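Since the structure comes first, as structure tokens, the remarks are kept for the end.
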Amino acid sequence: MSAGIILERALRWSGALRRKTSAYAPFAEWLTAAAQQPLTRKTLHGWYDELRGGEGDATLPVADVRRALRLLRERTFYTLMLRDINGLAPLEEVVTAMSALADLAVAEAYKSVAGALADIHGVPVDPNTGRPQELLIVGMGKLGGRELNVSSDIDLIMLYGEEGETTGRRKISHHEFYGRVTQRMMPVLSEMDGDGQVFRTDLRLRPDGDSGPLAWSLDALENYLVTQGREWERYAWLKGRIIPCRAFEGSDSSEQVRQLASLRTPFVYRKYFDFDALAAMRGLRERIRLDWQRRALARNGVDTIHNIKLGEGGIREIEFVVQLNQLIRGGRMPSLQQRGLLAALQAQANAGVIANEVAERLAIAYEFLRRVEHLLQYREDEQTHLLPRDPALCTALADAMGMEQAAFETTLTEHRAFVTQTFRDAFRIAGMGETDHGEDTPAARTTDTPYSDLNEQIEQLLGDHADTIRQRVESLLDSHRIRSLPASSRRRVKTLLPAIIDMAAKSATPPTTAIRLLELVEHIVQRSAYLALLAEYPETLARVARIVGASPWASQYLARYPILLDSLIEWHSLLEPPDFDELRRQLRSELDACVLPDGRPDVEQQMNLMRDTQHQVTFQLLAQDLEGVLTVEHLADRLSALADLLLAETIDRVWPLVQPRGQAGPLPAPHFAIIAYGKLGGKEIGYASDLDLVFLYDDPTDEASELYAKLGRRMASWLSTMTSSGRLYEIDLRLRPDGDAGLLAVSIDAFEQYQTQHAWAWEHQAITRARFVAGDAAIGQRFEAIRRQVLLLPRDPVALRNEVRGMREKISAGHPNRSDDFDLKHDRGGMVDVEFVTQYLVLCHAATYPVLLDNLGNIALLGLAAQVGLIPRHLAIDVADAYREYRRRQHALRLQGAEKARVPSDQLILQRRAVGTLWNTVIGD
Numbered sequence: 035m036s037a038g039i040i041l042e043r044a045l046r047w048s049g050a051l052r053r054k055t056s057a058y059a060p061f062a063e064w065l066t067a068a069a070q071q072p073l074t075r076k077t078l079h080g081w082y083d084e085l086r087g088g089e090g091d092a093t094l095p096v097a098d099v100r101r102a103l104r105l106l107r108e109r110t111f112y113t114l115m116l117r118d119i120n121g122l123a124p125l126e127e128v129v130t131a132m133s134a135l136a137d138l139a140v141a142e143a144y145k146s147v148a149g150a151l152a153d154i155h156g157v158p159v160d161p162n163t164g165r166p167q168e169l170l171i172v173g174m175g176k177l178g179g180r181e182l183n184v185s186s187d188i189d190l191i192m193l194y195g196e197e198g199e200t201t202g203r204r205k206i207s208h209h210e211f212y213g214r215v216t217q218r219m220m221p222v223l224s225e226m227d228g229d230g231q232v233f234r235t236d237l238r239l240r241p242d243g244d245s246g247p248l249a250w251s252l253d254a255l256e257n258y259l260v261t262q263g264r265e266w267e268r269y270a271w272l273k274g275r276i277i278p279c280r281a282f283e284g285s286d287s288s289e290q291v292r293q294l295a296s297l298r299t300p301f302v303y304r305k306y307f308d309f310d311a312l313a314a315m316r317g318l319r320e321r322i323r324l325d326w327q328r329r330a331l332a333r334n335g336v337d338t339i340h341n342i343k344l345g346e347g348g349i350r351e352i353e354f355v356v357q358l359n360q361l362i363r364g365g366r367m368p369s370l371q372q373r374g375l376l377a378a379l380q381a382q383a384n385a386g387v388i389a390n391e392v393a394e395r396l397a398i399a400y401e402f403l404r405r406v407e408h409l410l411q412y413r414e415d416e417q418t419h420l421l422p423r424d425p426a427l428c429t430a431l432a433d434a435m436g437m438e439q440a441a442f443e444t445t446l447t448e449h450r451a452f453v454t455q456t457f458r459d460a461f462r463i464a465g466m467g468e469t470d471h472g473e474d475t476p477a478a479r480t481t482d483t484p485y486s487d488l489n490e491q492i493e494q495l496l497g498d499h500a501d502t503i504r505q506r507v508e509s510l511l512d513s514h515r516i517r518s519l520p521a522s523s524r525r526r527v528k529t530l531l532p533a534i535i536d537m538a539a540k541s542a543t544p545p546t547t548a549i550r551l552l553e554l555v556e557h558i559v560q561r562s563a564y565l566a567l568l569a570e571y572p573e574t575l576a577r578v579a580r581i582v583g584a585s586p587w588a589s590q591y592l593a594r595y596p597i598l599l600d601s602l603i604e605w606h607s608l609l610e611p612p613d614f615d616e617l618r619r620q621l622r623s624e625l626d627a628c629v630l631p632d633g634r635p636d637v638e639q640q641m642n643l644m645r646d647t648q649h650q651v652t653f654q655l656l657a658q659d660l661e662g663v664l665t666v667e668h669l670a671d672r673l674s675a676l677a678d679l680l681l682a683e684t685i686d687r688v689w690p691l692v693q694p695r696g697q698a699g700p701l702p703a704p705h706f707a708i709i710a711y712g713k714l715g716g717k718e719i720g721y722a723s724d725l726d727l728v729f730l731y732d733d734p735t736d737e738a739s740e741l742y743a744k745l746g747r748r749m750a751s752w753l754s755t756m757t758s759s760g761r762l763y764e765i766d767l768r769l770r771p772d773g774d775a776g777l778l779a780v781s782i783d784a785f786e787q788y789q790t791q792h793a794w795a796w797e798h799q800a801i802t803r804a805r806f807v808a809g810d811a812a813i814g815q816r817f818e819a820i821r822r823q824v825l826l827l828p829r830d831p832v833a834l835r836n837e838v839r840g841m842r843e844k845i846s847a848g849h850p851n852r853s854d855d856f857d858l859k860h861d862r863g864g865m866v867d868v869e870f871v872t873q874y875l876v877l878c879h880a881a882t883y884p885v886l887l888d889n890l891g892n893i894a895l896l897g898l899a900a901q902v903g904l905i906p907r908h909l910a911i912d913v914a915d916a917y918r919e920y921r922r923r924q925h926a927l928r929l930q931g932a933e934k935a936r937v938p939s940d941q942l943i944l945q946r947r948a949v950g951t952l953w954n955t956v957i958g959d
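Letter 734 of the sequence shown, counting from 1, is numbered 768 in this note's numbering, and no numbers are missing.
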């Protein structure tokens, strides 16, 4: 595109450009040349060096900085105008360049002002390090997200680390020093003079707004956020970003940067699904709408349709959609913690929070609306978001967009209609409908139910159990947890009680369900977001009632991990089978996003995230289990797949943590594998099963033994340490060679030697159901070869039979049953007998019948043993059915909270008889 055409298209639209080129003709030639290349941060800094009179780090006088920045802003504005109007600059270039300009302007203004003030009062010094202490300047809003428009305000918050005094003769406090710096910076940036201005600057987002100090210490900020921080301030801090600034040689702000990050992240992003944010965003949305209507009416009736930022279907609604999801879910999903809108939108699509098609259409609408916004601002270099009402200007706007007027208007209307609908849908959680405390909510039905009415409700609905429930309610309301709540939360609890009684009365076990719901409320009262969820969304409360009423174990699990209440919002998703490939991808993405300000992984956050993921998927399977859509076998398969996935991810996260200091270059893959024994080895784990693991490695280097032992220790800690999110798994490493006396991680060669030459018969029994689950696949293949080699070793059947009998007696002695009930697992005729028979058959006959070598589980192996004639077919079928029934009963008893899986002795007679017959047929006593 020729230079003349580039300039002409811009001149047709922009009166500001026409005035500039008319007043100073050489500028047109310079501008058309500058517009031929993308405008980058490097270009901006080059221009600034030129305008300030050469390169160098010397601090310029404030007046010189002031003029150079205004001339730089002028160059930037008009260059972007030409490139944008002619379709040469994508939105990313425009907003990135304006944000880089703001960063440079703030940094240079600070450097000049702070240097001049330090010449008078001395330098502020960090009392902890003795180094000069810089002001931390936080860019908020679009500046924080690096997405400024071409005529944007910039929102700043000024912070500093430690209180103290400056070093000069005329000492002043740090508080006063930084306040003066801030005060003197503002005119440099925002005051209008003959060269214009750089950026209008707003400090009102600081704590206490206009009534608060201009600069705040980090300690004061922490106290404010903890005690007074409001929901809209979380929204404001979402994009907050420290602008790189330095005025004093030898300063180091890294510790203050970390401290601020440790304040900002938990304030903005709550760990749980945040319904308080939903309510607050709804209120903020309504205030913005009403404020815009008031201002529009004051401008002679300008309607919201003409405002592409604040009007319906405008830019602000897209921002609300994306940022609402960030605030509600970002604490649980670190990958959503993006400052830029388009990056955040893409992260939400990747995480499945927003459908891909919706995300794509929102991104297209956003880019279209932002381009229109910029064109409106290019016209007269003013901050406006109003579409023209004059038909001629409408035509000119369409032309500047490179479109016919009809096509432009149609496209604009379609984008805004889609944005409006998506915006409205964002306030409807999983089809529950937007809650405005209307007639469908418990809050509307019982805003402040008198206690006498609640008594009457309990009496009517719970009948004979009314006294018990009434006492529970009285204890709850009189507890310290309730009495220490803010008044609003206490009201919410009282609002919730009638709904709880109502839901319990509709359940199959009203008194039990009521008691468990009341216990759950007592556990979650300190988290107002969950009270809001249960109080405002009856569907979720009904689902909670179904789950806690069905199983005391499920009720306890939910009370222990109330974060799982989030899962009940999307009931249909909860009842879908887990997609482990997608889960692995998403978990990895979230773990990669858990980083500290210095770029190192945030280990504590990663450990908590993995625990939360384990609890979420377990709860998903629990819900399906209680709904009767999973067999015990399918449940065990999926719980085992989950454990396999988390073990593999643990290796990947722990391996970098055990490397020697100063490790250079790409990290080599660990030659390390995890072998599962016991229930995980046989893919038979339950909800709370321990994991029996053995760690193997295959590395000939001298340091391998120490390195992999360290990896094993760190993995054991990662898996079993109790954190704020609980424990990932209880693990048992005693099945490794030589048990507790052996090495934590064993070389594959040493493992082979031990198994083939030194292992006890019971260890060979255990290896029949062992399998490779994670790590180096080559070691896994080698392990499977060793396992088969062990199973094929020649054995004396009589001696093996005696070994199995002796081990069975030890098991019985270790699990005495002094009751009259039958213990499904440990009593004779139970599960252990079935497992021992199967292991004996494999060890004794696999050399003759290799079909028995595979780790297929007890039921399948019994069938194979019958096929080759080792046991009677009818007995194999009967025992397989018995074993299946034992597992089903054991599982059902665990869900009902039973500590031991025992049934009355007059039950399961036929099953016990079949198992006893098999035992006597194969092993005999």
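In this text, a Cβ means the ideal position worked out from N, Cα and C, and glycines have one as well.
Given the structure is predicted, the values throughout are model-derived calculations rather than measurements.
Verify whether the separation of the beta carbon atoms of residue i and residue j is less than 8 Å.
i      : j      : result
Ser185 : Gln417 : yes
Arg657 : Leu609 : At residue 657 the sequence reads Ala, which differs from the Arg that was named. Their beta carbons are under 8 Å apart, which means Ala657 touches Leu609 by this criterion.
Arg413 : Ala50  : yes
Ala143 : Val222 : yes
Val453 : Ala500 : no
His879 : Leu904 : yes
Asp137 : Asp187 : no
Name the residue from the options whose alpha carbon lies nearest to the alpha carbon of residue i.
i      : options                           : result
Arg768 : Ile709, Lys717 and Thr735         : Ile709
Ser754 : Lys744, Ala743, Leu745 and Asp766 : Asp766
Trp81  : Gly317, Asn390 and Trp64          : Trp64
Ile581 : Gly662, Val559, Arg515 and Leu625 : Gly662
Leu193 : Ala926, Gly348, Leu239 and Gly149 : Leu239
Ser562 : Arg525, Arg204 and Val172         : Arg525
Gly496 : Ser522, Ala521 and Pro532         : In the sequence as displayed, the identity of residue 496 is Leu instead of Gly. Nearest C-alpha to Leu496: Pro532.
Ser759 : Ala57, Ser781 and Gln640          : Gln640
Determine whether the Cβ of residue i lies closer than 8 Å to any Cβ atom of chain D.
i      : result
Thr757 : Considering every chain present, this structure includes no chain D. It has just one protein chain.
Going by beta carbon distance, what residues of the same chain come within less than 7 Å of residue i, once the five residues before and after it are set aside?
i      : result
Lys713 : Ile719 and Ser723
His557 : Ala593 and Pro596
Ala62  : Leu41 and Thr55
Ile342 : Gly348, Ile349, Leu403, Val406, Glu407, His419 and Leu421
Once the 5 residues before and after residue i are set aside, which same chain residues still bring their CB inside 6 Å of it?
i      : result
Ala948 : Asp912, Val913 and Ala916
Leu676 : Val651
Phe282 : Val157 and Pro166
Glu786 : Ile820
Ala381 : Ser369, Leu370 and Gln372
Ala584 : Leu660
Asp433 : none
Asn889 : Arg803 and Arg805
Name the two residues that bound the continuous alpha helix (DSSP H) containing residue i.
i      : result
Asp98  : Val96 to Ile119
Asp783 : Ile782 to Gln791
Arg695 : Element bounds for Arg695: n/a, residue is neither H nor E.
List the endpoints of the continuous beta strand (DSSP E) containing residue i.
i      : result
Gly716 : Gly716 -> no beta strand (DSSP E), and no H or E assigned at all.
Ser853 : Careful: Ser853 lies outside any beta strand (DSSP E) and carries neither H nor E.
Arg816 : Careful: Arg816 lies outside any beta strand (DSSP E), inside the alpha helix (DSSP H) at Ala811 to Leu825.
Met192 : Ile188 to Tyr194
Ser251 : Ala249 to Ser251
Phe706 : Phe706 to Tyr711
Can you list, in chain order, the residues of its chain with a C-beta nearer than 8 Å to that of residue i? Leave out the 5 residues immediately preceding and following it.
i      : result
Thr872 : Thr802, Asn892, Leu895, Leu896 and Ala899
Would you be able to state if there are at least three C-beta pairs under 8 Å between the stretch 381-393 and the stretch 433-447? no
Per the contact definition of three or more C-beta pairs closer than 8 Å, is the stretch 239-253 in contact with the stretch 205-220? yes
Okay, do the stretch 284-303 and the stretch 256-271 touch, 3+ Cβ pairs below 8 Å being the bar? yes
Touch check for the stretch 174-182 and the stretch 125-139: three-plus C-beta pairs under 8 Å? yes
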